[in-house]
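Visitor: Just so we're aligned: the sequence shown equals residues 136 to 543 in the working numbering.
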Amino acid sequence: MPQSLIQRTVNTFVKGLITEASELTFPENASVDELNCALERDGTRRRRQALTYEENHVLSGLVVPEGALVQTLDWFNVAGQTNLEFLVVQVNGFLHFYEKSADPLSANLYQGSGTIIYLNTYNASNNLVPGEERIQVTSLNGALIVASPAINTFYIEFNTSTQTFSETVISFKERDFDWQGSDTEVTSEYFVVNVFSKSRSGLTTEVETARFRTVAAYAGRVFYAGIDSAKNGGKVYFSRLTDRMADVGNCFQVYDPTSEIISDLLDTDGGVVSIPDAHNIRKLHVLGASLLVFAENGVWAVAGVDNVFRATEYAITRISDTGLTNENSFIVADGLPVWWSKTGIYAIQQGESLNVPTAQNLSLPTIQTFWNKIPNEKKAQVHVEYDKINQRVFWFYPDANETVDYKY
């Protein structure tokens, strides 16, 4: 008798856990439950093992207390050298630096006098503790700009000759456009004032105790946001276009806008982008020709009308009503911003029409039921890392019944 071939269906499970499907609509290569398994791209799976030391690792003298705040960030183009990049490690209120040019990475820790940054030096004295707040950073002109709601924003420079670091506090200045007086008797000083301490002649000094939470280099400038206050919460400050670090806090128009001689606003001026609808700005991120502003109640894109940002002309577009509740859940995976919102896991993609980015819910068709079961208090403790080699995002959070806050 002739033999007949029967095709056998083989599932590779490469799609992983899917909770948003019934028995009739369940997608191919997906699974109904997962526990401690790593799914490979070739269809194989293995037990997910614990983290291990890198090959030929070198132990350092750094002390990481139990339950400490630990995060890593990147410092690109250090001291203006394109081939020099640092891994910045925050351990509570201390910053340590590893050079990333050689293996093993653990052997490249800078040690000694002038190689550790103490965040408490820049304490903003606003009831927040520098060692309990995660910093956000950006690189510009070879320097690293550091911000957190607990510190006065500063920048770090690296001396390649002495192999040491130096820090400078940024003094933020803006034009005073706030009207003083009554509706019938309006005056304005139009002076250049300190953003956090506005001193006006004959009036009480206006003090802002909150500080910038987030920072980003965009269009040759530095942008700052995340002041948690009713008056300044929706403002994004930007420096003038410059190659001098002394200018990174100058967020004002050079010419006096009340002058009868020259009052022009220049393309290169600094200033303030006001987004009144934005509530609690948590993150700034550059995507293509746009600066994305992530607030708790939505995401906005700031861009030049011809993809070149100028102080004289730019556009503000709201691209999502779903915001970022916790900046510690935000990660960039191969250029794709991904984050946790109040309703799911979202990602920003570059839009095809008019070059406007769009937001997409990633969890809704995949693991929304699983995600919804994570208690809100545990979601608030999430933090994230990205494995660039295997292209995987890892979100760490305590289980629902976990009593140890730092057991993820």
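The C-beta atom is built at its ideal place from N, Cα and C for all residues, glycine as well. Keep in mind that this is a model prediction, so the values were computed, not measured.
#1: If you scan the segment 222 to 257 from start to end, which runs of the alpha helix (DSSP H) of 4 or more residues do you find wholly inside it?
#2: Does the distance from the C-beta atom of residue 283 to that of residue 269 stay below 8 Å?
#3: Note the first and the last residue of the continuous alpha helix (DSSP H) segment covering residue 294.
#4: By the 10 Å Cβ neighbour count, where 16 or more other Cβ atoms means buried, how is residue 249 classified, buried or exposed?
#5: Select from 292, 210, 298 the residue whose C-alpha is nearest the C-alpha of residue 272.
#6: Among 496, 370, 404, which has the Cα closest to the Cα of residue 415?
#7: Please go through the same chain and pick out, in chain order, the residues whose beta-carbon is closer than 7 Å to the beta-carbon of residue 217, but skip the five residues on each side of it.
#8: Grouping DSSP H, G and I as helix and E and B as strand, with all else coil, what is residue 538?
#9: Go ahead and pull the three-state DSSP assignment for residue 409.
#10: Could you tell me how far apart the beta carbons of residue 446 and residue 403 are, in whole angstroms, since I believe they sit closer than 8 Å?
#11: Can you grab the Cα-Cα spacing for the pair residue 496 / residue 300, in whole Å?
#12: Do the segment 457 to 474 and the segment 516 to 535 touch if we need at least three Cβ pairs shorter than 8 Å?
#13: Should the segment 375 to 395 be called in touch with the segment 420 to 431, which here means at least 3 C-beta pairs below 8 Å?
#14: Could you name the residues of the same chain whose beta carbon sits closer than 6 Å to that of residue 432, not counting the 5 residues immediately before and after it, in chain order?
#15: What's the call for residue 428, buried or exposed, on a 16-neighbour Cβ count within 10 Å?
#16: Would residue 155 pass as a contact of residue 504 if the rule is Cβ separation under 8 Å?
#17: Rounded to whole angstroms, what's the CA-CA distance from residue 219 to residue 163? Just pull it up for me.
#18: Taking a contact to mean a Cβ-Cβ separation below 8 Å, would you say residue 386 touches residue 405 in this structure?
#19: If contact is defined by three or more beta carbon pairs under 8 Å, each pair taking one atom from either stretch, is the segment 227 to 241 in contact with the segment 180 to 194?
#20: State yes or no: is the C-beta of residue 173 within less than 8 Å of the C-beta of residue 150?
#21: Round the Cβ separation of residue 440 and residue 450 to the nearest angstrom and send it over; I've been treating them as touching at under 8 Å.
#22: Figure out for me which residue from 526, 535, 530 has the closest Cα to the Cα of residue 511.
Guide: To lay it out plainly:
#1: None, since the segment 222 to 257 contains no complete alpha helix (DSSP H) of that length.
#2: As a first step, residue 283 is located in the sequence shown; it is residue number 148 there, counting from the start. As a first step, residue 269 is located in the sequence shown; it is residue number 134 there, counting from the start. Closer than 8 Å, so yes.
#3: Against the sequence shown, residue 294 aligns to sequence position 159. Residue 294 -> not in any alpha helix (DSSP H); beta strand (DSSP E) instead, spanning 289 to 294.
#4: Here residue 249 refers to the residue found at position 114 when the sequence shown is read from its first residue. With fewer than 16 other Cβ atoms from the protein chains shown falling within 10 Å of its own Cβ, residue 249 counts as exposed.
#5: Position 137 of the sequence shown, counting from 1, holds the residue named residue 272. Taking only the C-alpha atoms, the option nearest residue 272 is 210.
#6: For the purposes of this step, residue 415 is taken as the residue at position 280 of the sequence shown. Residue 370 is the option with its Cα nearest to residue 415.
#7: Counting from 1 along the sequence shown, the entry for residue 217 is found at position 82. Closer than 7 Å at Cβ, skipping near neighbours: no residue.
#8: By one-based count along the sequence shown, residue 538 stands at place 403. DSSP, reduced to helix, strand and coil, places residue 538 outside both helices and strands of the structure shown, so it counts as coil.
#9: Your numbering for residue 409 matches position 274 in the sequence shown. Three-state result, residue 409: strand.
#10: For the purposes of this step, residue 446 is identified with residue 311 of the sequence shown, where counting begins at 1. For the purposes of this step, residue 403 is identified with residue 268 of the sequence shown, where counting begins at 1. So it is a contact: roughly 7 Å between Cβ atoms.
#11: Locating residue 496 in the sequence shown gives position 361, counting from the first residue. Locating residue 300 in the sequence shown gives position 165, counting from the first residue. Their Cα atoms are separated by approximately 42 Å.
#12: Yes, the segment 457 to 474 is in contact with the segment 516 to 535.
#13: Not touching, per the Cβ criterion.
#14: Within the sequence shown, residue 432 is the residue found at index 297, counting from 1. Taking C-beta separations shorter than 6 Å and ignoring five residues to either side along the sequence, the partners of residue 432 in its chain run 414, 458, following chain order.
#15: For the purposes of this step, residue 428 is taken as residue 293 along the sequence shown, with counting starting at 1. By the 16-neighbour rule on beta-carbons within 10 angstroms, residue 428 is buried.
#16: By one-based count along the sequence shown, residue 155 stands at place 20. By one-based count along the sequence shown, residue 504 stands at place 369. Yes, the pair counts as a contact, with Cβ atoms nearer than the cut-off.
#17: To locate residue 219, count along the sequence shown from 1; it is residue 84. To locate residue 163, count along the sequence shown from 1; it is residue 28. Answer to the nearest angstrom: the Cα atoms are 45 Å apart.
#18: Working through the sequence shown from its first residue, we reach residue 386 at position 251. Working through the sequence shown from its first residue, we reach residue 405 at position 270. Judged by beta-carbon spacing, residue 405 lies within the 8 Å limit of residue 386, meaning their Cβ atoms are closer than that value.
#19: Yes, since at least three Cβ pairs between the segment 180 to 194 and the segment 227 to 241 fall closer than 8 Å, the two stretches touch.
#20: Within the sequence shown, residue 173 is the residue found at index 38, counting from 1. Within the sequence shown, residue 150 is the residue found at index 15, counting from 1. Not a contact, by the Cβ cut-off of 8 Å.
#21: Here residue 440 refers to the residue found at position 305 of the sequence shown. Here residue 450 refers to the residue found at position 315 of the sequence shown. Right, the Cβ-Cβ distance comes to about 6 Å (below 8 Å), so this counts as a contact.
#22: The count along the sequence shown starts at 1 and reaches residue 511 at position 376. Closest option to residue 511, Cα to Cα, is 535.
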